[in-house]
Amino acid sequence: MLASWICIFALATFVLAIPTRRELPQVITKCTVPNTAALTFVSKCRDGSGPLQTFKKDDGPYIYLKNVSDTLSAAGATGTFFFNDCIYTRESVDGAAYAYSKGHQIGSHTWSHGHLTTLDKTQLVSEFSRTEDALKKILGVVPAFTRCRMFHSRFHLSVAHKRAAYGEYNDLVRQVAYERGQTLVNWDFDSGDSVGKTPEESNNLYDDVASEHPSTLLALNHEVYVHFYSGIVLPHAIEVLQEAGYRLVSVAECLGIEPYHYQGDASPRDVSFFPLKYSPSREINRPLGHVESFFLSLSGPQFERRFQNYIQLPLISSLLYYVYSFSTPHSFCLLC
């Protein structure tokens, strides 16, 4: 009898010593509601201007958002747009609000579009929370879905839409997403626009997948290429998918999941709309100063963009100093 109790005690101790498995959210790669297709879009942040401008992130919203939104709405389709930190200028806010008002779903693409698998937990929490806070300010929503940055490789470039979904994540990313109630969503079809496919090639990819007719479709597209996209590829994709019998719905609807954790009123636009400057690799967190905020409050959206990118506090301080020196006999030092 004593031996039996000893065995039971030893077994219980062993069971209790086994580490508890952390809860990790499912990473969505397919819709689950039959005969649905979800067209999802991410866009690009401009870095510079003119003919040599580059795109530093595939997030947004970008300048073609209203065009894409209208093309979808005109066909009775609902799209899903993933945004991150390029959402504070008046044009960006207006574009995001416009798409949301048309019934399209808004999701997070993380804050800095960084390589999430290289970040620690504190940095990951920041990537999720800043985007959630921003969308709550500008739209009054807290999204329930997040899309991770796409992983690019030679394999990815060579197999285009035939590859498996490949957003960057690891167990830590999934754990932080779980703790914040975020569903990670990838895709099972890639239009190839971000890897150099021509409009005709993207159309052919949509033709192929429509003829194959999987039960559902979760498509990746990029809003930035809409200079040809809205006029060629998007209308074609909508047409062939609808003719194939798909209902074009949001990611939330194709999964039967609520799109938001919170829906309310957007916040009035004020200085708090301008985010902390942040670099996940260097942990830089600095709010805009009073002088910067003052200049932003006096200026339009074009100045806001250039100010945020190029003008620094010392330059403005020097300008104020010289203006004040010429206008008054008294001297002062703004930075003393």
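For the sequence shown, the working numbering begins at -19 and goes up steadily by one. Ideal Cβ placement from N, Cα and C applies to all residues, glycine included. Here the structure is a predicted model, which means the values were calculated and not measured.
Should residue i be labelled buried (16 or more other beta-carbon atoms within 10 Å of its own) or exposed?
i	result
residue 166	buried
residue 101	exposed
residue 5	buried
residue 223	exposed
residue 149	buried
residue 172	buried
residue 249	exposed
residue 80	buried
residue 188	exposed
residue 203	buried
residue 318	This structure gives no information on residue 318, because the portion of the chain shown stretches from -19 to 316.
residue 126	buried
residue 245	exposed
residue 49	buried
residue 279	Reliability fails at residue 279, whose pLDDT of 42 lies under 50, so the model's placement of it is uncertain and the value that follows must be treated cautiously. Label assigned to residue 279: exposed.
residue 20	buried
residue 243	exposed
residue 89	buried
Among the options, whose alpha-carbon lies nearest the alpha-carbon of residue i?
i	options	result
residue 78	94, 51, 6 and 185	51
residue 99	199, 151, 198 and 177	151
residue 55	148, 214 and 170	214
residue 216	81, 190, 129 and 233	190
residue 124	149, 103, 157 and 97	157
residue 168	181, 179, 175 and 198	198
residue 91	112, 203, 83 and 80	112
residue 220	47, 185, 118 and 69	185
residue 106	68, 195 and 159	159
residue 238	163, 192, 200 and 194	163
residue 7	201, 128, 192 and 218	128
residue 176	218, 236 and 201	201
residue 22	235, 45 and 70	45
Between which two residues does the alpha helix (DSSP H) holding residue i run?
i	result
residue 222	214 to 223
residue 186	179 to 192
residue 156	151 to 159
residue 197	First-last for residue 197: 197 to 202, but that is the beta strand (DSSP E), not the alpha helix (DSSP H).
residue 231	231 to 235
Check for me: the beta strand (DSSP E) holding residue i runs from which residue to which?
i	result
residue 331	Only positions -19 to 316 of the chain appear in the structure, and residue 331 is not among them; the question remains open.
residue 165	163 to 165
residue 121	121 to 123
residue 4	Unbroken run through residue 4: none, as it is neither H nor E.
residue 18	16 to 22
residue 242	240 to 243
Taking only the alpha-carbon atoms, compute the straight-line gap between residue i and residue j and give it to the nearest angstrom.
i	j	result
residue 232	residue 76	18 angstroms
residue 240	residue 122	6 angstroms
residue 58	residue 161	23 angstroms
residue 43	residue 62	14 angstroms
residue 72	residue 154	29 angstroms
residue 180	residue 174	14 angstroms
residue 86	residue 227	19 angstroms
residue 83	residue 230	9 angstroms
residue 212	residue 178	10 angstroms
residue 108	residue 97	14 angstroms
residue 195	residue 119	33 angstroms
residue 94	residue 64	11 angstroms
residue 68	residue 74	10 angstroms
residue 183	residue 17	16 angstroms
residue 117	residue 110	11 angstroms
residue 170	residue 9	12 angstroms
If you scan the stretch 44 to 104 from start to end, which runs of the alpha helix (DSSP H) of 4 or more residues do you find wholly inside it?
-> Entirely contained in the stretch 44 to 104, the alpha helix (DSSP H) runs reaching 4 residues are, in chain order, 45 to 54 and 70 to 81.
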